[in-house]
Structure formats: C-alpha cells, structure tokens
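In case it helps, the UniProt record's numbering puts the sequence shown at residues 1 to 460. Virtual Cβ for every residue (Gly too), placed ideally from N, Cα, C. Every value quoted in this text rests on a predicted model; they were computed, and no experiment measured them.
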Amino acid sequence: MDLQDRNEKLFYKVLTSDVEKFMPIVYTPTVGLACQQYSLVFQKPRGLFISIHDRGHIASVLNAWPEDVIKAIVVTDGERILGLGDLGCNGMGIPVGKLALYTACGGMNPQKCLPVILDVGTENEELLKDPLYIGLRQRRVRGSEYDDFLDEFMESVSSKYGMNCLIQFEDFANVNAFRLLNKYRNQYCTFNDDIQGNNIFTAYGSITCQKLISCRTTLKFFLFITEAALGIAHLIVMAMEKEGLPKEKAIKKIWLVDSKGLIVKGRASLTQEKEKFAHEHEEMKNLEAIVQEIKPTALIGVAAIGGAFSEQILKDMAAFNERPIIFALSNPTSKAECSAEQCYRITKGRAIFASGSPFDPVTLPNGQTLYPGQGNNSYVFPGVALGVVACGLRHITDKIFLTTAEVIAQQVSDKHLEEGRLYPPLNTIRDVSLKIAEKVKPPLFKLHYFSFLLLLNMHF
1 MDLQDRNEKL
11 FYKVLTSDVE
21 KFMPIVYTPT
31 VGLACQQYSL
41 VFQKPRGLFI
51 SIHDRGHIAS
61 VLNAWPEDVI
71 KAIVVTDGER
81 ILGLGDLGCN
91 GMGIPVGKLA
101 LYTACGGMNP
111 QKCLPVILDV
121 GTENEELLKD
131 PLYIGLRQRR
141 VRGSEYDDFL
151 DEFMESVSSK
161 YGMNCLIQFE
171 DFANVNAFRL
181 LNKYRNQYCT
191 FNDDIQGNNI
201 FTAYGSITCQ
211 KLISCRTTLK
221 FFLFITEAAL
231 GIAHLIVMAM
241 EKEGLPKEKA
251 IKKIWLVDSK
261 GLIVKGRASL
271 TQEKEKFAHE
281 HEEMKNLEAI
291 VQEIKPTALI
301 GVAAIGGAFS
311 EQILKDMAAF
321 NERPIIFALS
331 NPTSKAECSA
341 EQCYRITKGR
351 AIFASGSPFD
361 PVTLPNGQTL
371 YPGQGNNSYV
381 FPGVALGVVA
391 CGLRHITDKI
401 FLTTAEVIAQ
411 QVSDKHLEEG
421 RLYPPLNTIR
431 DVSLKIAEKV
441 KPPLFKLHYF
451 SFLLLLNMHF
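Structure representation (structure tokens):
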C-alpha cells in the first residue's frame, strides 16, 4: 500500500492489470492483518478520523478535507472488523480498502471517495493498554450520545456533499448495524455492505446453484445467524417470490441457527427479525445434530467460527445431497467454516463450494481441477456505487440488490460451472460492475445521459 501513497495512478494501474492476483493484497484476507497491525505500522493518515470529541464540530472536520466534491463515503466505527472483533481506529483499513476497490473494480474516481472512521472508543483491552494505539483509549460511548454523534455525522455529510452522496456503512456491530440501516435508509443515500452486500453474493450464488441442481422447489437453506444471515435470508425469500413461490412457503425453506442453537417458535429471547424465520420444532443446540435432523440442501456459514463445518457435517451433507451446497463465507481465512480442500476432499468433489476469502484451486485424485468460488462482495458494491452515484439516486432500495444478484448470476457461463465457479472470474469484474451500474439506473433514465454521467464519475 506504500505505492498508493507514492503514486496513486501507478497503484491503480498495477491493481487493475490483474485484479485476481492483487485483490487478496488490498482486500481479504490481507486487510484483516493490516487492521490488526494498523497502529504499529501507521505512518500517515489516509482518510478522515472523526472522534466523539468532535461532536458539535463535525462540519468543520469535513471542511478540512482537501477535496470539495465527494460522491462516496465508506464509514465504520471499528467495532466488528471482519471476524476479528473490536479494533477501534485500527479499522480504518476497511474503508481505505473498500474505496480502493470502488476504483479498481468499479472505475470510480478516487478523488471523489472518502474513507471515514468514527472513533467512539474501544472495548479491546489490548488496544486500551497499547501505547502505540492511534485511537481514543477509552471505553466505547453508547446510547443517546452515540446516536446523536451519528445523526450529526449524517447531517453534516448531506449538508456539505449533497443528499445524493453515497454513505456505505461497514463493520458496525450487530447491535447497531440493522438499527442504523433502518433508521437512515429512507433519509439518506446509504446501505450497509455487511447486511445487503453479503446478501447479494450469497443470493446470486444460490441462483447460480439452481443451474447445477434441479431442486428449486425442495431447497432448504440453512444459515448461521449474524447480521449478514438475516439479510441473506430476506433476499433469498425475495428471489423465491420472484420465481413464483409464495412468501410463506419461501420462509419455510429457510432454517436459521444462532449462538443458542436452532431458531424455533417459543424459544426465549428471539428478536423480531429472528421470529420471522422461527419454525415449529424442538430446541436443538448441537450443530452436527441439527444438520442430521434438518437435512438441508445448502449450508451457509457467516458467523466467523473457524472450522464450524466439521468433517462429520460435510460427510452428512454429501450423504443427503447429490450436489451439497457449502458456503463458508466468514472472513478472514482463519475464520472460514471449512477450507475448499476439506470440502472437496470429503464430498469427493460433489460439493458446490464458495468462500468469503480466496482459496487455491483443488485438484482431485481423478485429475479434475476445481476452482473455489469466492463469494466476494467486491462483485457487488463497486457496481452498485457506480450506478447510484452516476444517477444521483437519493435512496437505495432492496430491488436494486435483487437486480444486482440477477445480473451477476447471468455472467456465469456453462464453462465456469464445469470448473466449479459460481461467480464470474475476478478479472472480468469491471465489466460486471458496468453491467450492474446500467441496471441500477431508473427505468425512465435516458441511456445516453446515463452514459455521459458514467464518464464523469469513472476513473481511467
């Protein structure tokens, strides 16, 4: 990333020359390690640091940024960085990395992109005691003071950069992520990539899976619960509805598990969101036993529990299904529920596998080489952002994300499927992003005017 500081144009030239090769360096899994060591290797700021002590003066902090025209912001408070937990200000690596992909994968002008960290403290004991830590060494501010701080930030951004400035929320803790999305989504141009972006690549992965297996009507999705899993469940229900399945029947095909076990009716302490997917069943806690009982077609892990898909679970999935669907989507690699090699070996190459972090191709004993699908939301947010910014949209609807899932699934050829790829090759990602941006535009938006706006916002 030193090259990004020294020569930004050369940095993007190198990155776009082979996105598949360099993506793991600027994004997962390397970005996780970079965040863990952020204070240790910190040399100079990249992005805007806004602390809770700036309350009442956030507009002045924004005015200090040298660029007057900002079209897209990625913001985090650092409380849930990937699967690594609370990293506080060290989480700045996430907005920086995300916006680098806005440019590399979506063609956005980097001068019009702003990474932001909202520093409200940290609960990480190691960081609180670390003399090199660059953030506030205090416990996290919560409650009304936190909410007022976020309100001021959102109001200040829209006041300075316009109501159509895109604000992408990233790696906020479960307790805040859904709440803030629901609070702001109809007021500002905003989305949460952990909730909505992850939903898309899982949804379009499942759409692609339907090309490989003829079980659309009997498909049972089985998900670990996190903020991402609930969003994935909702988007898959939308996709099933579009295929003609009534919503009630679609919901019955989705089983959820959280840290307390299978989500069933009558279980204590269920949130309103979880209750929507609770079924009539006895309570169960052991994951292997749950898999044996439910016999799901698809197993989707997003809870950042490394190794959660045990050998027994993978064997059972292969016994239940001719083509078991295994999505080990947690980041970084150390938090993946299983590896590609484990999945293909135990299922004898029959599994349809996707992961959140990259895995090397796997060659089976029969000589066949399978290319694990990386369910990377970098297929999603650059194209969505480009379309939203080019059109000047003020709100981002769920329909946009479902359309995005369909567009990406359409880019997967039969040849890709034969190789085990559920997603188009990463080196085609700019073309995919452009196709997404074209579909994001409102139906009445004139195509020639949209093309002109794309040229204004893209970086070559």
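Check	Outcome
For valine 41, count the other beta carbons within 10 Å of its own beta carbon; 16 or more makes it buried, fewer makes it exposed. Which is it?	exposed
Note down, in chain order, each residue of its chain lying with its Cβ closer than 7 Å to the Cβ of tyrosine 146, except the 5 sequence neighbours on either side.	Val120
Looking at C-alpha atoms only, which residue of Ala100, Ile134, Phe172, Leu118 is the closest neighbour of arginine 55?	Leu118
Between the Cα of glutamine 187 and those of Ile313, Gly91, Gly162, spot the shortest distance and give me the residue it belongs to.	Gly162
Are there 16 or more other CB atoms within 10 angstroms of the CB of histidine 448, so buried, or fewer, so exposed?	Note on histidine 448: pLDDT 49, under 50, position unreliable in the model; the coordinate value appears next. The residue is exposed, with fewer than 16 neighbouring Cβ atoms inside 10 Å.
Between which residues of its own chain and lysine 439 is the CB-CB distance below 6 Å, once the five residues before and five after are set aside?	Thr403, Val407
Using the Cα positions of leucine 127 and glutamate 419, report the straight-line distance between them to the nearest angstrom.	44 Å
How many angstroms separate the CA atom of glycine 32 from the CA atom of leucine 84?	8 Å
So who's on the other strand from asparagine 192, going by DSSP bridges?	Phe169
Give the secondary structure of leucine 329 by DSSP, where H, G and I count as helix, E and B as strand, and everything else as coil.	coil
For leucine 132, does the count of other Cβ atoms within 10 angstroms reach 16, so buried, or fall short, so exposed?	exposed
Suppose you measure from the CA of glutamine 43 to the CA of asparagine 90; what does that come to, to the nearest Å?	13 Å
Count the other C-beta atoms from every protein chain shown that fall within 10 angstroms of the C-beta of alanine 233, then say buried if there are 16 or more, exposed otherwise.	buried
Taking 8 Å as the cut-off, does the region 326-333 touch the region 24-38 (at least 3 CB pairs, one atom from each stretch)?	yes
Determine the burial state of threonine 217: buried for a count of at least 16 other Cβ atoms within 10 Å of its Cβ, exposed for fewer.	For threonine 217, the predicted model reports a pLDDT of 43, less than 50, meaning its position is unreliable and no value from the coordinates is stated.
Shortest alpha-carbon distance to phenylalanine 320 belongs to which of Gln36, Thr297, Asp431, Ile52?	Thr297
Nearest to glutamate 170 by CA position, among Val116, Glu67, Pro425, Gly307, is which residue?	Val116
So, are the CB atoms of residue 464 and tyrosine 102 less than 8 Å apart?	With the chain covering only 1 through 460, there is no way to say anything about residue 464.
How would you call isoleucine 254, buried or exposed, if buried means at least 16 neighbouring beta carbons within 10 angstroms?	buried
Check whether the region 64-78 touches the region 96-114, taking contact to mean three or more Cβ pairs, one atom from each stretch, closer than 8 Å.	yes
Rounded to a whole number of angstroms, what is the C-alpha to C-alpha distance between arginine 185 and isoleucine 325?	32 Å
Tell me, please, which residues DSSP counts as bridged to alanine 351.	DSSP output for alanine 351 lists no bridge partner at all.
I need the straight-line Cα distance from glycine 373 to glycine 143, nearest angstrom please.	40 Å
Using the DSSP secondary-structure output, state which residues sit across from serine 51 in a beta bridge.	Asp119
Cutting at 8 Å between CB atoms, please list the residues of its own chain near leucine 444, excluding the five before and the five after it.	The pLDDT assigned to leucine 444 is 48, lower than 50, so where the model puts this residue is not dependable; a value taken from the coordinates is nonetheless given after this. No residues qualify anywhere along the chain.
Comparing C-alpha positions only, which one of Val291, Gly261, Glu293 sits nearest to alanine 278?	Gly261
With DSSP as the reference, label isoleucine 300 as helix, strand or coil.	strand
DSSP three-state call for cysteine 105: helix, strand or coil?	helix
Taking the beta strand (DSSP E) that leucine 256 belongs to, which residues open and close that run?	254-258
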